[in-house]
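The structure appears right after this line, and notes come after that.
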Amino acid sequence: MFVYGLINSAVLALMALGFNLTFGISGIANFAYGAIYVVAGFITWAFINHLNLPYAVSAILTIIIIGIFGALVYKFIIKRIRGLVISEVIATFGISIILLELLRFIGLIGFKYSLPVFIDGSVEILGVYVDIQRLFIIGLGILVIISLYVFTHHTKTGLAFRGIAQEEHTSLSLGINPDRIASLSMGMGSALGAFAAIVILPLGTITVDSGYDVLINALSVCIVGGLGSTFGVIIASFIIGYTQTITAMYLAPHWTMIVSLFAILVILVIKPSGLLGHQKELEERV
Amino acid sequence: MKNRENYRKERIDRCIKARSDDIYALSSYKEMWYLIFPRVVPIIGIAILAYFLPLYWKKVVITTCIFAMLAVSWDFLSSCGLLSLGQALFFGIGSYTAGCLNHYFHFPIYLTIPIATICGGFISTILLLPVIRLRGIYFAMVTLILPLMLARGIEATHVFGGNEGITGLSPFPNVWVELTFIIAGMWAALFALRRFISSDYGLIFVSIRDNDRATMASGINIYAFKAQALFIGSSICAFCGAFMTHLYMFTGIPVFTMEFSILPIAASAIGGIGTLAGPLLGAFILVPLSEILREFGSLRVVFYGLVLVVCVVALPEGIFHYLSRKYNEMERWVRLE
Amino acid sequence: MAILEIKGVTKSFGGVKAVEDVSVNVEENTLLGIIGPNGSGKTTLVNIITGFIKPDKGSVFFKGKELIGLPPYTITNLGIGRAFQMVKPFFHLPAFKNLIVPLSSKRVRSTSGGGYGDKDAIALDILEEVGFERDSSVPYKTASVLPHGYLKRLELARLISLKSEIFILDELFSGLSIAEVTSILPIIEKILFEGNTVIMIEHRLKELFRIANKVIVFNFGRIIKEGAPKEILEDEEVKKAYLGVEV
Numbered sequence: 011m012f013v014y015g016l017i018n019s020a021v022l023a024l025m026a027l028g029f030n031l032t033f034g035i036s037g038i039a040n041f042a043y044g045a046i047y048v049v050a051g052f053i054t055w056a057f058i059n060h061l062n063l064p065y066a067v068s069a070i071l072t073i074i075i076i077g078i079f080g081a082l083v084y085k086f087i088i089k090r091i092r093g094l095v096i097s098e099v100i101a102t103f104g105i106s107i108i109l110l111e112l113l114r115f116i117g118l119i120g121f122k123y124s125l126p127v128f129i130d131g132s133v134e135i136l137g138v139y140v141d142i143q144r145l146f147i148i149g150l151g152i153l154v155i156i157s158l159y160v161f162t163h164h165t166k167t168g169l170a171f172r173g174i175a176q177e178e179h180t181s182l183s184l185g186i187n188p189d190r191i192a193s194l195s196m197g198m199g200s201a202l203g204a205f206a207a208i209v210i211l212p213l214g215t216i217t218v219d220s221g222y223d224v225l226i227n228a229l230s231v232c233i234v235g236g237l238g239s240t241f242g243v244i245i246a247s248f249i250i251g252y253t254q255t256i257t258a259m260y261l262a263p264h265w266t267m268i269v270s271l272f273a274i275l276v277i278l279v280i281k282p283s284g285l286l287g288h289q290k291e292l293e294e295r296v
Numbered sequence: 023m024k025n026r027e028n029y030r031k032e033r034i035d036r037c038i039k040a041r042s043d044d045i046y047a048l049s050s051y052k053e054m055w056y057l058i059f060p061r062v063v064p065i066i067g068i069a070i071l072a073y074f075l076p077l078y079w080k081k082v083v084i085t086t087c088i089f090a091m092l093a094v095s096w097d098f099l100s101s102c103g104l105l106s107l108g109q110a111l112f113f114g115i116g117s118y119t120a121g122c123l124n125h126y127f128h129f130p131i132y133l134t135i136p137i138a139t140i141c142g143g144f145i146s147t148i149l150l151l152p153v154i155r156l157r158g159i160y161f162a163m164v165t166l167i168l169p170l171m172l173a174r175g176i177e178a179t180h181v182f183g184g185n186e187g188i189t190g191l192s193p194f195p196n197v198w199v200e201l202t203f204i205i206a207g208m209w210a211a212l213f214a215l216r217r218f219i220s221s222d223y224g225l226i227f228v229s230i231r232d233n234d235r236a237t238m239a240s241g242i243n244i245y246a247f248k249a250q251a252l253f254i255g256s257s258i259c260a261f262c263g264a265f266m267t268h269l270y271m272f273t274g275i276p277v278f279t280m281e282f283s284i285l286p287i288a289a290s291a292i293g294g295i296g297t298l299a300g301p302l303l304g305a306f307i308l309v310p311l312s313e314i315l316r317e318f319g320s321l322r323v324v325f326y327g328l329v330l331v332v333c334v335v336a337l338p339e340g341i342f343h344y345l346s347r348k349y350n351e352m353e354r355w356v357r358l359e
Numbered sequence: 008m009a010i011l012e013i014k015g016v017t018k019s020f021g022g023v024k025a026v027e028d029v030s031v032n033v034e035e036n037t038l039l040g041i042i043g044p045n046g047s048g049k050t051t052l053v054n055i056i057t058g059f060i061k062p063d064k065g066s067v068f069f070k071g072k073e074l075i076g077l078p079p080y081t082i083t084n085l086g087i088g089r090a091f092q093m094v095k096p097f098f099h100l101p102a103f104k105n106l107i108v109p110l111s112s113k114r115v116r117s118t119s120g121g122g123y124g125d126k127d128a129i130a131l132d133i134l135e136e137v138g139f140e141r142d143s144s145v146p147y148k149t150a151s152v153l154p155h156g157y158l159k160r161l162e163l164a165r166l167i168s169l170k171s172e173i174f175i176l177d178e179l180f181s182g183l184s185i186a187e188v189t190s191i192l193p194i195i196e197k198i199l200f201e202g203n204t205v206i207m208i209e210h211r212l213k214e215l216f217r218i219a220n221k222v223i224v225f226n227f228g229r230i231i232k233e234g235a236p237k238e239i240l241e242d243e244e245v246k247k248a249y250l251g252v253e254v
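Residue numbers (this note's numbering), protein chains in the order written: chain V, 11 to 296; chain F, 23 to 359; chain W, 8 to 254.
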């Protein structure tokens, strides 16, 4: 149980990081995130099975394509309605249903749509057998978090990201272009979503409905952890990950979603800023 | 097109509009007609359309009216600063209340609908009361989550018929009653809310959206007012839910589907947010159109998505704003000095 | 007896002490000026008094009644009116309709008439008092098109319509021209003359010192000096905190 909880937490953290990055920096709640996740899975699948590209190449290509797609969405759609929260939510939600329902319409449903695992096989840890793929998820999750930290604290663009996130007007006066940063953050957030998809999807099949599930999972983790706080995301994914695993074991699997939804409600009622939110966010929320 | 480099467009309120915005002192039939025309023509038009169409399209008009009411309620909530992504929640609660009353207690139809309207509004308000302090997008997230949670809860616990829902509820006597009932309800909701929101009491709701901190500093208990707004908005949705339940003689998990949340927003986005009449107009464009597109299956939802994105980006003010400007204002080009 | 007593109020934001152990007594029918460099915790103190922020420690008494823990609207209804530094009126409403909201509050609801435009008439009266020309179209204009000076007056009108006993004016004069300031000063003097209490946070020291009864100086969240305007002017420490500012 300990191991499965850990894996589940890592999965949740990977799913939430992209959403969190975009929101934390540019304040855009990217409701198209779940759709991007699913689309990334299908693109990789198409690269492998139709163009016969090697796995690694198609994975990298997908991440790049999705990243560019995210930046373009910002440039052509979000930029025009920046600051109007209702419009931003409606537009990204609209993009989400366009992508997902289009996939459903094309008829990409079935068991043949799955990604291969990186390395087949399983190892024994603490008395349970674990697929190597699941270990990859944990490892890559840690890697992503570390590289994000390095990026935001030690590169010029990363520092500009944090500047915009903290005080937009001051950053403007220091010559940081908020549109460029926001589109970069959209792109990077989407690319992270694609990355998560490529790492996580080999565990099962690619389904259209998982897009909505991913969005809800990412949202719940981010809300519980405090939107925009990377450390909060990690803690929140552990909390939700373990509660989900425990409910799945002792109650029934279809209770898991209810538990995570319930977690959001409880957190929002008790501490609206999330576990590690800041005062600034609290003012936005309450 | 002449060279308009040195010109600017000037908009002037038509003098009748300028005079009659608040005080009605009309002196001629022409002026009365000017005011009555935009209100009377849609009412008569929809009535004629509804009563003379073939049966299939009568049903479409009924569905349209239901969605129009949901959209008007969404717009009302959003003008009070409550951004809802889950009209399905209110709709579903109304539907289940009516269904349960009819199925378990055998209440007749003329009791279930009023009770479901009031109780539905009440239950929804109580459910959202703990999160009423949240603003904007955070409130939106909760409303998005709750209907999903309720649907999964019913799925998991098998209460109220579980997955299959409750069937065999009592129907309306005939299609004429259905039509009259829902059209009357729709116009009543629209005009009552329009009247309400421009009254002194309604202004407070608008002020909460404009600046909730200043409203608090004006000595207004904004949470009480938000709860009232929530009750009004969700009651309207609950009425729709109860009506739909008896229309299809069925209630079940499908009442919590995304469509009931998305379409009202789409209609408002096209029609013009903040006008109340705009969302109604939007619904009357979207629903019949999607009925025509029915044969494309799930492509219909893609179409909603497209309309949403295109309208939000290209026509941010909405059709209704555009129309009312053309009707109420005169435009001319004036030379820049 | 002091109408407002602030006792040992402390508030920190993530390690930074915004307000530290502040105690002030405000006497009835006086004008208290609060000055200090930007970021010295003046606005935080106002937010604490009016209930927008809960302090970590300390208490505030209004006529002997504890205010900490009460929501902002209850405090407003008790009689403490607060003008915001960043004016954000209800932009969708005409200027006179902006006052409908305070006129509907619990405090003045019973005395501001019923429906049928009673409140509109009262609102127009109050607007004239703060300098909106009644016969012009200014009171009927949507708040979003009004110039800054009128928005500041609208804030003042909001407090007057609430029949506040304590007027807390957070940098009311910021962004106003000298002519505008001199036209608003008599309004404040009139408020004082009617027996109310005024607390002003201000950077315009010249105007403030002319009408203030007492001035406190903030720096780094602490009160560094308290006294009559004359004493403040001569204090060395104050000059250091306000280095470069001509008084």
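The beta-carbon is built from N, C-alpha and C at its ideal position, and this holds for glycine as well.
Below 8 Å between beta carbons: does that hold for residue i and residue j?
{"i": "glycine 183 of chain F", "j": "glycine 274 of chain F", "result": "yes"}
{"i": "alanine 206 of chain V", "j": "isoleucine 191 of chain V", "result": "no"}
{"i": "alanine 138 of chain F", "j": "glycine 116 of chain F", "result": "yes"}
{"i": "glycine 138 of chain W", "j": "serine 190 of chain W", "result": "yes"}
{"i": "methionine 280 of chain F", "j": "alanine 110 of chain F", "result": "yes"}
{"i": "proline 146 of chain W", "j": "alanine 102 of chain W", "result": "yes"}
{"i": "isoleucine 42 of chain W", "j": "glutamate 209 of chain W", "result": "yes"}
{"i": "isoleucine 341 of chain F", "j": "isoleucine 292 of chain F", "result": "yes"}
{"i": "phenylalanine 41 of chain V", "j": "phenylalanine 79 of chain V", "result": "no"}
{"i": "valine 309 of chain F", "j": "threonine 86 of chain F", "result": "yes"}
{"i": "lysine 159 of chain W", "j": "valine 94 of chain W", "result": "yes"}
Going along chain F in order, which residues have a C-beta closer than 7 Å to the C-beta of residue i?
{"i": "valine 108 of chain W", "result": "Leu225, Ile226, Ser229, Thr237, Ser240, Ile242"}
{"i": "arginine 114 of chain V", "result": "Ser320"}
Between which two residues does the beta strand (DSSP E) containing residue i stretch?
{"i": "tryptophan 355 of chain F", "result": "351 to 357"}
{"i": "arginine 30 of chain F", "result": "29 to 35"}
{"i": "leucine 28 of chain W", "result": "It should be pointed out that residue 28 of chain W corresponds to aspartate in this sequence rather than to leucine. Segment 23 to 34, the beta strand (DSSP E) holding aspartate 28 of chain W."}
Residue i touches chain V at which residues, Cβ-Cβ below 8 Å?
{"i": "glycine 142 of chain F", "result": "The premise fails here: glycine 142 of chain F is roughly 20 Å from chain V at the closest Cβ pair, so nothing lies under 8 Å."}
Which same chain residues, not among the five before or five after residue i, have their C-beta less than 7 Å away from its C-beta?
{"i": "valine 356 of chain F", "result": "Tyr29, Arg30, Glu32"}
{"i": "valine 254 of chain W", "result": "Low confidence applies here, because valine 254 of chain W scores a pLDDT of 46, under 50, leaving its location unreliable; read the following figure in that light. Excluding sequence neighbours, valine 254 of chain W sits near Leu212, Leu240."}
For residue i, which residues from the same chain have a beta carbon less than 6 Å from its beta carbon, with the 5 sequence-adjacent residues on both sides left out?
{"i": "isoleucine 148 of chain V", "result": "Ala20"}
{"i": "isoleucine 53 of chain V", "result": "Thr72"}
{"i": "glutamate 294 of chain V", "result": "Reliability fails at glutamate 294 of chain V, whose pLDDT of 42 lies under 50, so the model's placement of it is uncertain and the value that follows must be treated cautiously. So no residue of the chain qualifies."}
{"i": "valine 83 of chain F", "result": "Ala72"}
Looking only at C-alpha atoms, which of the options sits nearest to residue i?
{"i": "aspartate 6 of chain W", "options": "W/Ile230, W/Arg89, W/Leu74", "result": "The requested residue 6 of chain W is not part of the displayed model; chain W covers only 8 to 254."}
{"i": "asparagine 243 of chain F", "options": "W/Ala25, W/Gly48, W/Ser112", "result": "W/Ser112"}
{"i": "methionine 198 of chain V", "options": "V/Gly34, V/Gly15, V/Val13", "result": "V/Gly34"}
{"i": "glutamate 162 of chain W", "options": "F/Thr237, F/Leu302, F/Gly304", "result": "F/Thr237"}
{"i": "valine 108 of chain W", "options": "F/Phe227, F/Trp79, F/Ile84, F/Ile34", "result": "F/Phe227"}
{"i": "alanine 9 of chain W", "options": "W/Phe68, W/Phe59, W/Leu106, W/Ser184", "result": "W/Phe68"}
{"i": "methionine 196 of chain V", "options": "V/Phe86, V/Thr165, V/Ile210, V/Val218", "result": "V/Phe86"}
Going by the C-beta, is residue i closer than 7 Å to any heavy atom of the ligand FMN?
{"i": "lysine 81 of chain F", "result": "This structure lacks the ligand FMN, and indeed carries no ligand of any kind."}
Give the residues of chain V in contact with residue i, contact being defined as C-beta atoms less than 7 Å apart.
{"i": "leucine 77 of chain F", "result": "Under the 7 Å cutoff, chain V gives no residues; its nearest Cβ is about 30 Å from leucine 77 of chain F."}
Over the uninterrupted alpha helix (DSSP H) stretch that includes residue i, give me the two end residues.
{"i": "glycine 158 of chain F", "result": "158 to 179"}
{"i": "serine 106 of chain F", "result": "Here serine 106 of chain F belongs to no alpha helix (DSSP H), and DSSP marks it neither H nor E."}
{"i": "glutamate 243 of chain W", "result": "243 to 248"}
{"i": "leucine 150 of chain F", "result": "131 to 150"}
{"i": "lysine 248 of chain F", "result": "244 to 270"}
Considering only residues of the same chain and omitting the five flanking positions on each side of residue i, which have a CB-CB separation below 8 Å?
{"i": "leucine 170 of chain F", "result": "Phe278"}
{"i": "methionine 23 of chain F", "result": "Only weak support is given to the placement of methionine 23 of chain F: the predicted model assigns it a pLDDT of 49, under 50, and the question is left unresolved by the model."}
{"i": "histidine 268 of chain F", "result": "Ala120, Asn124, Ile131, Thr134, Ile135, Leu191, Ser192, Pro193, Phe194"}
{"i": "lysine 290 of chain V", "result": "Only weak support exists for where lysine 290 of chain V lies, its pLDDT of 46 falling under 50; the coordinates are left without a value."}
Name the chain F residues that come within less than 9 Å of residue i, Cβ to Cβ?
{"i": "arginine 165 of chain W", "result": "Ala236, Ala239, Ser240"}
{"i": "histidine 264 of chain V", "result": "Arg174, Glu177, Ala178"}
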